[in-house]
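> The structure's right below; bear with me while I get my questions together.
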DNA sequence: GTCTATAACGAGATAGAC
DNA sequence: GTCTATCTCGTTATAGAC
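Residue numbers (the working numbering), protein chains in the order written: chain R, 15 to 211; chain Y, 15 to 211.
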């Protein structure tokens with residue numbers, strides 16, 4: 015995938031992607047100037063346009079894919095932490111709440127801000143955001159299926175689980191409080207437990 | 015409130031606020047250039063800085079308050095549409111889904127995009143967003159209280175109702191589908207109905 | 001109150017040496 | 001692959017006539 019180099023050392027391309035993902039996680043696409051981006055990545059403008067001829071947009075698509083995968087890993091960790099699917103979903107909410115507070119309310123969803131800025135005006139970015147959302151839903155759906163829920167219930171509940179976690183994450187970030195996420199986790203667990211297996 | 019004038023005719027100040035609210039609803043704060051704003055409002059740059067010496071930011075705060083109130087009215091309409099609180103919340107989700115599709119997936123939440131852009135970098139805007147969120151939560155909380163739920167359940171459920179509707183609205187907008195909102199409405203109704211009155 | 005012209009600045013992107 | 005200098009354009013904001 016990446017150019018050859020010392021194991022563990024991040025190449026310029028990877029540093030650009032990770033830095034872009036982090037900055038877009040904080041404030042979205044439009045609020046992230048490329049100059050600040052390359053500076054924080056320890057790179058230069060020349061490197062950016064060498065690796066991403068499409069410029070800021072092309073880098074943003076890669077950053078959304080990276081952030082989406084990072085988020086998916088946290089999701090998988092939480093979903094695997096309990097045998098009961100309802101408790102597992104609640105654990106995800108707790109993980110998100112901890113990450114948010116520990117980052118001084120900065121590390122919210124790596125996709126949502128950019129998604130709302132891009133909708134209807136930057137199709138490439140919007141598509142990358144939708145891909146990330148769909149991936150996350152699929153992970154929850156598979157976990158519910160494995161937990162014994164019907165195909166229809168698993169699909170529908172997975173949609174609401176992701177929607178609710180997203181909305182609660184936003185509320186928690188803007189209000190600088192873990193409460194929205196912790197309540198969302200508790201309520202989602204109760205909702206899931208109310209379905210037959 | 016507004017300058018005197020023919021009843022029903024909107025003054026320049028009001029047109030600026032409404033236009034800013036609509037554009038920020040579509041793409042957020044950073045994606046809304048003041049030039050386009052004044053053009054669509056049928057105003058000029060001179061008028062903007064006459065009514066809002068604080069410039070774009072001051073106008074944005076007024077626009078968030080306006081959009082927050084508009085959203086609150088739709089919320090109140092839905093919440094008053096059924097005697098059962100659970101059915102009333104589901105009705106809100108249906109109203110949001112209809113407004114979103116009828117606007118070709120443009121008219122989402124008037125606050126969320128700006129909220130995520132502003133968090134941690136534009137305190138005035140962030141505060142205006144949080145005020146709007148808190149107002150919406152209060153409307154739901156009062157409706158649940160009036161429906162016979164305990165003070166604690168009403169408060170906690172109101173938080174999750176707003177979080178979930180917000181997240182589902184985002185998912186619906188990005189995915190151009192009513193499904194996230196309709197499922198959220200159904201699941202929220204089920205969750206609310208599972209609490210004792 | 002409204003208008004146009006423009007200032008002052010920062011944005012994304014490019015050129016070309018190394 | 002990396003670097004610096006620079007180009008071009010769009011942005012917010014201001015000036016000053018009307």
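Idealized CB from N, CA, C, for every residue including glycine. As the structure is a prediction and not an experimental result, all values here were calculated from the model.
State yes or no: is the beta carbon of residue 36/R nearer than 9 angstroms to at least one beta carbon in chain Y?
Not an interface residue.
> Apart from the five residues just before and just after residue 110/Y, which ones in its own chain have a Cβ nearer than 7 angstroms to its Cβ?
If we look at residue 110/Y and ignore the five residues flanking it on each side, its Cβ neighbours are 179, 183, 195.
> Answer with yes or no whether the minimum CB distance from residue 138/R to chain Y is below 9 angstroms.
It does not; no Cβ of chain Y falls within 9 angstroms.
> So, does the segment 145-155 of chain Y touch the segment 167-181 of chain Y, judging by three or more C-beta pairs under 8 angstroms?
The answer is yes - the segment 167-181 of chain Y touches the segment 145-155 of chain Y, with three or more Cβ pairs under 8 angstroms.
> Could you give the residue range of the alpha helix (DSSP H) that holds residue 44/R?
That residue, residue 44/R, is in no alpha helix (DSSP H); it is neither H nor E in DSSP.
> Would you say residue 163/Y and residue 99/Y are within 9 angstroms of each other, going by their C-beta atoms?
Result yes, Cβ atoms of residue 163/Y and residue 99/Y sit closer than 9 angstroms.
> Using a Cβ cut-off of 8 angstroms, pull out every chain R residue sitting near residue 135/Y, in sequence order please.
Those are 41, 45, listed as they occur along chain R.
> Does any residue of chain Y have a CB that is nearer than 9 angstroms to the CB of residue 66/R?
Not an interface residue.
> Go through its chain and collect everything with a Cβ distance to residue 185/R's Cβ below 6 angstroms, but skip five positions before and after it.
So the qualifying residues of the chain are 194.
> Compute the distance between the beta-carbons of residue 123/Y and residue 39/Y, then report whether it is under 9 angstroms.
It is a contact, given that the beta carbons lie within the stated cut-off.
> Looking at C-beta atoms only, is the number of pairs between the segment 69-86 of chain Y and the segment 129-142 of chain Y that lie closer than 8 angstroms three or more?
Yes, they touch.
> List, in order along the chain, the chain Y residues whose C-beta lies closer than 7 angstroms to that of residue 194/R?
Within chain Y, the residues near residue 194/R are 173, 177.
> Classify residue 27/Y as buried or exposed, calling it buried when 16 or more other Cβ atoms lie within 10 Å of its own Cβ.
By the neighbour-count rule (16 or more Cβ atoms within 10 Å), residue 27/Y is buried.
> The alpha helix (DSSP H) that contains residue 164/R, what's its start and end?
Segment: none, residue 164/R is in no alpha helix (DSSP H) and carries neither H nor E.
> Suppose the cutoff is 7 angstroms on Cβ atoms and the five residues either side in sequence are ignored; what does the same chain contact list for residue 56/Y look like?
The answer, listed in chain order, is 29.
> Taking the alpha helix (DSSP H) that residue 89/R falls in, what are its first and last residues?
First-last of the alpha helix (DSSP H) with residue 89/R: 69-93.
> Thinking just about the alpha-carbon of each residue, which of 144/R, 197/R, 211/R is nearest to the one in residue 167/R?
That would be 211/R, whose Cα lies nearest to the Cα of residue 167/R.
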